[in-house]
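These notes concern the structure reproduced below.
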Amino acid sequence: MKYSKKIIAAIVAFAVALASSSVTYAAESFEEGVPLFLDNVEVLDNGFVCVTEEISAPADNSTKTSLRSYLEKENTATFAHKIYDTNGTLIATFYATVTGIYDQANRTSFITNVSGYFTGIFANNFSYRAAYTSELGRANLFYYGEFFGCFTYSIAVNGKISNINL
Numbered sequence: 004m005k006y007s008k009k010i011i012a013a014i015v016a017f018a019v020a021l022a023s024s025s026v027t028y029a030a031e032s033f034e035e036g037v038p039l040f041l042d043n044v045e046v047l048d049n050g051f052v053c054v055t056e057e058i059s060a061p062a063d064n065s066t067k068t069s070l071r072s073y074l075e076k077e078n079t080a081t082f083a084h085k086i087y088d089t090n091g092t093l094i095a096t097f098y099a100t101v102t103g104i105y106d107q108a109n110r111t112s113f114i115t116n117v118s119g120y121f122t123g124i125f126a127n128n129f130s131y132r133a134a135y136t137s138e139l140g141r142a143n144l145f146y147y148g149e150f151f152g153c154f155t156y157s158i159a160v161n162g163k164i165s166n167i168n169l
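The opening residue of the sequence shown carries number 4 in the numbering used here; numbering runs sequentially from there.
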């Protein structure tokens, strides 16, 4: 009887020591920090991940003189969309140039063109089709002929062209 009490006490002490160390280990495994929010990262339909960066935009919102009315101005912005596969490997980059017209006095704006091209090791497997209506433009993306996502662009009445996630 004496030995069984000692054995039970030893087992209980061992269990308490083991349980307390696992709680301590779990508490140390998390680091506290500032949450990271990225508005330029998008997960596409087939699991690919895209990181978007605006690579050129004029500082004054107008790039060239056009033969349009006195109040209308033209603006162009270029975006680089880096496309990564599910393993995190960069497989292609889609460069999109978006052109639009805006009129601050009449508070109107519309996209006039979306053009682009692919670079990278699998660039030949990608294609796109552009569509634009009013202040929105889209580049519908295809991988081996199958739709897998789109990039949407908007133009504000001040001429700012942005990539938006819908």
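The beta carbon of each residue, even a glycine, is placed where N, CA and C say it ideally should be.
- DSSP places I94 within a strand segment (E or B) once states are collapsed to three.
- D48 places its beta carbon 7 Å or farther from that of L74.
- A straight-line Cα-Cα distance of about 43 Å links R110 and I124.
- As a beta-bridge residue in DSSP terms, Y146 pairs with F129 and E149.
- Setting aside the 5 residues that flank it on each side, Y87 is surrounded in the same chain by F51, V52, C53, V54, L93 and I94, each with a C-beta closer than 8 Å to its C-beta; the list follows chain order.
- CA-to-CA, the gap between G140 and F82 works out to about 13 Å.
- The beta carbon of A108 lies closer than 7 Å to those of L74 in the same chain, with the five residues before and after it left out.
- Residue pairing for T136: DSSP places it in a beta bridge opposite L139.
- The segment 94 to 121 contains no complete alpha helix (DSSP H) run of 4 or more residues.
- If you draw a straight line from the Cα of T102 to the Cα of S137, it is about 12 Å long.
- Between Y135 and F97 a beta carbon distance of about 16 Å is seen, past the 8 Å cut, so the two are scored as non-contacting.
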